[in-house]
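Okay, so here's the structure we're looking at.
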Amino acid sequence: MRQSERVAVFAVLAPQGLWSLAWSRLCRDTLGLIALGVVVMYLAVVLAAAAGWIAKDWSHEAGVNYAPPNGWIFSASPSEDRLPVARESIQVTPVAGVVDPLAPVIETLRESRLALAQEPQRLATLPLGADKWGRDVALKTLKGTQTSFIVGLLAAFLSVLLGSLLGAYAGYFGGIVDDVLNWIYSTFTAIPYLLLVLAIAAVLNQKGISTVILILGLTGWTGVFRLMRAEYMKHRNREYVLAAESIGASHARRMFYHILPNVSHVLLVQLSLNVVSFMKSEVILSFLGFGVGVDTVSWGSMLNEAQTELLLGKWWQLASATLAMALLVTAFSVFTDALRDALDPKLK
Amino acid sequence: MTMPAKIPLLTVRHLSIDFTLDAQQTHRAVEGLSFSLGVNRTLALVGESGSGKSVTALAIMGLLESSTCRISPDSSICYRGQELLKCSATQRQWLRGEEMTMIFQEPMNALNPVFTIEFQLMEVIKKHARLKRLANTPQSSSPSFDSNDSLHQKALALLSEVGLDQPERRLRAYPHQLSGGQQQRVMIAMAIASEPRLLIADEPTTALDVSVQKQILQLLAQLRERRQMSMLFISHDLNVVRELADEVMVMRQGRRVEHASVEALFSAPQAPYTQALLSCRPSVDHRPWRLPVVEDFLEGRTPSKPCTDRPLQSQRQGEPLLVVSHLSKSYDVSDGWFRRHSFQALKPTSFELARGKTLGVVGESGSGKTTLALTLMRLLAASSGSITLEGQQLMGLNARAAQRFRPRMQMVFQNPFASLNPRHTTGQILMEPLQLQNGPMNAAARARVAIELLDKVGLASTAFFKYPHEFSGGQRQRIAIARCLSLRPDILICDEAVSALDLSVQAQLLNLLQDLQDEWGMSYIFISHDLAVVKYMSDEVMVMHEGAVVEKAATDQLFAHPVHPYTHQLLDAMPQGNRQAIRHGAEQSLLGDR
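So the protein lines, in turn, are chains B and E.
Going by the working numbering, the letters in the first sequence line up with residues 1 to 348, in that order.
Going by the working numbering, the letters in the second sequence line up with residues 1 to 594, in that order.
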């Protein structure tokens, strides 16, 4: 009895549950941990950018137009076809007795011209080059992380939440609930995607990151719904669920305490897929004018600009945005895979 | 037969097989196994799960996955003087199709669901004919089966040979349109299509009902006789083997325990393990207080021969605990777009159950046993009838009121691998009912109760933190029982609770259930297809057939004097090790065929 008492005490004190065990299993997965590290790094960049600690002056024209990368990461020979800029100015001597009504205006113009001259010279090269206006691509990429990460992740969370909730109800209860939800699902999938997006955008009637998240979340849940409905139908009459019912577990408890952990792998895979596709969808939305405004930078808008730049042979903006996105997407997929394995107690 | 009868058909020497678990660990599934199988003989491999019997069969067939398992280099499998382990893959394949064939446990999984029986059978025959031409054996004078018509005739003949009625119709059927027994007959037809010398049958009757099992065993005995084949028969059930085999080899943990002729093994088993296997199974003749378990024999403890049998619980006076009357369950089945008909899975059933008594329910698959259990538990809504628990009518109660009665009746499910949530620890599983039903009870108190329950069902308290997959089937079933006990139920429904388990584990669990009943005075509704087990457990037995109760009587009376013809049929089909019956049956049908 002593032994069992000790175990009982330990059982209460010990950190219980799936998550602590999952964490200890995750710690043994090196690749998963590296991926988690990368995702956390991105998150740090997002927070820092949001707080204004980094990339605050991303819109500052720090370099010359299309300044090439300086060779730290990419290298490209500086192009010589820059337009000449006039440097000389004409001095006008004032005539006595004549009041020049424009004098104060000209004076301010002159001062600002002087201030401009005192400004540091625009740089010829930048770490990752510059865009059409001479803005630093490195800063743009960092600042763009904020928009894309938030849009991709939150929209994916929203869509997976909606899809799995509705799917769980449809699959678990069946019957009339299933019919109604299926009807909604069919209606949503029957409308062409862009038309649906435009309709929701028209209803929301405002621009901005939150709108993009809502649009993507409200249109992207259908795939998750279909999968979750099938999973719940499959698990509904498994013996462990019947056993839970016979000890008096409520519907909600059976759905979310018993079945959900057993189908969570579907959610995680869908989540990582949706993050990727929503980051890309944000580009389309921004392109159509329903996404983020021109005063905000995102990887989507960078890729959009890169289309025309590429024709001129200025590839660095495309490369930066793509690399940043690819790294995040890969790390996120690897991490969700590792998380899925860690959450499965059957795998060592 | 061209082979002299003295030279064995198959000789296995020092067979050892390792499975790679991960980079470092390997598991030895078979260790130094040697045996030989003579021409026209039947050797039975008997053992519990994990004894390496199926792995041995697969090794002989050459069907083992070479990436995960390794046959040790000094092993030898010699077939008609040819060393199989040194053969090329092509030779192995030829032998596999032509000389040796195999039938599996689950015929449903072995048949392709999207092709007709005819297509699958003709494919085998065609392949056989082609291989035969390639080999260019002197027997090539036999008609070539090129034309579809002759193929069809051949397939028809095979189906008739394996005793399928209406073979023309069966040929056009898809696998799901046949019953389990019919599917197994088709599998046997495919296996004998190439006229093999060696037939390996891996638990061919385990998934089938008792009466079907008997027919399949008869068929196999008869075919072996007629086709002059040798047979390697794999089973976990000694009684089944007794009716069929010439020699028996008992295996345990990959090693040979005993190898003897059937007569010698059953009359005077030498190894303690064999003795244990023979006595673990409840016998139909008497019901001891405790069933002996394997450990008793292995540790040399002489099993205390129980002089007294456990008496049947006397029918107590007074109110019965549970009264069920005219309980039925029917489903609407739609035929076509608008027409529906109702299918009665459970025809109106009435019975009573007294406190501390056990009601056995026997029947074959599809007889409505599980429907009865689920309806009693109100996991399925009954179509009509009433359930009265201690005078309280349970049907028609609203959800909240019904919830109060949930703990009074609990159920142990058939499959211990499906009835425990794989994502919850044993502790979570055992504490959940307490949390849901016992109101304010703090976590420490719940944990204490859970550990007491683990102790009660014979598990160490360290099991608390483990997940279901870390346990064996028997241990999982103990956890499932503990979960039911945590609610202190009055009635425990055991739906085939021991059927998925090995014999020795089955005996342990039956003992546990008996002990718990003695201690707590619970009533059991014990559902099983296994007559011997039901006889051991029950005070009263109910026989079900096609959704209806056909006979209900006190256990001893039912087994001694069955009234209903179906009960007769069930009792006759029980494998009792009656060798003569099967042989006689086989000879009869042989005579009949000629």
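Quick reminder that beta carbons are idealized off the backbone N, C-alpha and C, glycines included.
Which residues of chain B have a Cβ atom closer than 9 Å to the Cβ of residue i, listed in chain order?
i        : result
E/Arg483 : Ala243 and Ile247
E/His469 : Pro345 and Lys346
E/Leu437 : Correcting the residue identity first, residue 437 of chain E is Gln in this sequence and not Leu. Within chain B, the residues near E/Gln437 are Ile247 and Gly248.
Any C-beta of chain E sitting closer than 8 Å to the C-beta of residue i?
i        : result
B/Thr336 : no
B/Arg28  : no
B/Pro192 : no
B/Pro261 : yes
B/Tyr232 : no
B/Phe332 : no
Measure the CB-CB distance between residue i and residue j and report whether it falls below 8 Å.
i        : j        : result
E/Val498 : E/Leu510 : yes
E/Asp246 : E/Thr42  : yes
B/Gly305 : B/Asp131 : The sequence given here has Glu at residue 305 of chain B, not Gly. Contact flag set, yes.
B/Ala168 : B/Arg122 : no
E/Ile117 : E/Leu63  : no
B/Asn65  : B/Trp19  : no
E/Gly360 : E/Thr555 : yes
B/Val334 : B/Ala48  : no
E/Leu420 : E/Arg408 : no
B/Arg349 : B/Val241 : No answer is possible for residue 349 of chain B: it lies beyond the span of chain B, which begins at 1 and ends at 348.
B/Leu303 : B/Val197 : no
E/Pro204 : E/Ile216 : yes
E/Asp530 : E/His236 : no
E/Leu151 : E/Lys127 : no
B/Leu216 : B/Ser272 : no
B/Val151 : B/Ile213 : yes
With a threshold of 8 Å between beta-carbons, can residue i be considered close to chain B, or not?
i        : result
E/Arg406 : yes
E/Asn40  : no
E/Pro440 : no
E/Gln410 : yes
E/Leu487 : yes
E/Asn398 : no
E/Asn415 : yes
E/Phe145 : With a pLDDT of 48 at E/Phe145, under the threshold of 50, the modelled position of that residue is not reliable, and the figure given next carries that caveat. No, because no Cβ of chain B sits closer than 8 Å to the Cβ of E/Phe145.
E/Phe338 : no
Report the neighbours of residue i on chain E: residues whose CB is nearer than 8 Å to its CB, in chain order.
i        : result
B/Arg238 : Ala418
At 7 Å on the CB atoms, spell out the chain B contacts of residue i, in chain order.
i        : result
E/Gln477 : In chain order: nothing, as chain B lies at least about 12 Å away.
E/Leu379 : Leu242, Glu245 and Ser246
E/Phe115 : Under the 7 Å cutoff, chain B gives no residues; its nearest Cβ is about 26 Å from E/Phe115.
E/Gln403 : Gly248
Would you please state the rounded distance, in angstroms, between the beta carbons of residue i and residue j? I believe it to be under 8 Å.
i        : j        : result
B/Thr44  : B/Leu142 : According to the sequence shown, residue 44 of chain B is Ala rather than Thr. Contact flag wrong, Cβ pair sits at about 11 Å.
E/Lys357 : E/Asp490 : Going by Cβ atoms, the distance from E/Lys357 to E/Asp490 rounds to 11 Å, so no, they are not a contact pair.
E/Pro282 : E/Ala59  : Wrong, their Cβ atoms sit about 34 Å apart, outside the cutoff.
E/Arg446 : E/Gln435 : 6 Å
Can you name the residues of chain E whose CB is closer than 7 Å to the CB of residue i?
i        : result
B/His258 : Asn421
Name the chain B residues that come within less than 8 Å of residue i, Cβ to Cβ?
i        : result
E/Pro596 : Not covered by the structure: residue 596 of chain E. The range shown for chain E is 1 to 594.
E/Glu432 : Ala244, Ile247 and Ala249
Does the beta carbon of residue i sit closer than 8 Å to a beta carbon anywhere in chain D?
i        : result
E/Ala157 : Among the protein chains in the structure shown, which are B and E, there is no chain D.
Is any heavy atom of the ligand MN found at a distance shorter than 7 Å from the C-beta of residue i?
i        : result
B/Phe225 : In terms of ligand content, the structure shown is empty, and the ligand MN therefore cannot be addressed.
* To do: Give, in chain order, every residue of the segment 504-527 of chain E whose Cβ lies closer than 9 Å to some Cβ of chain B.
  => none
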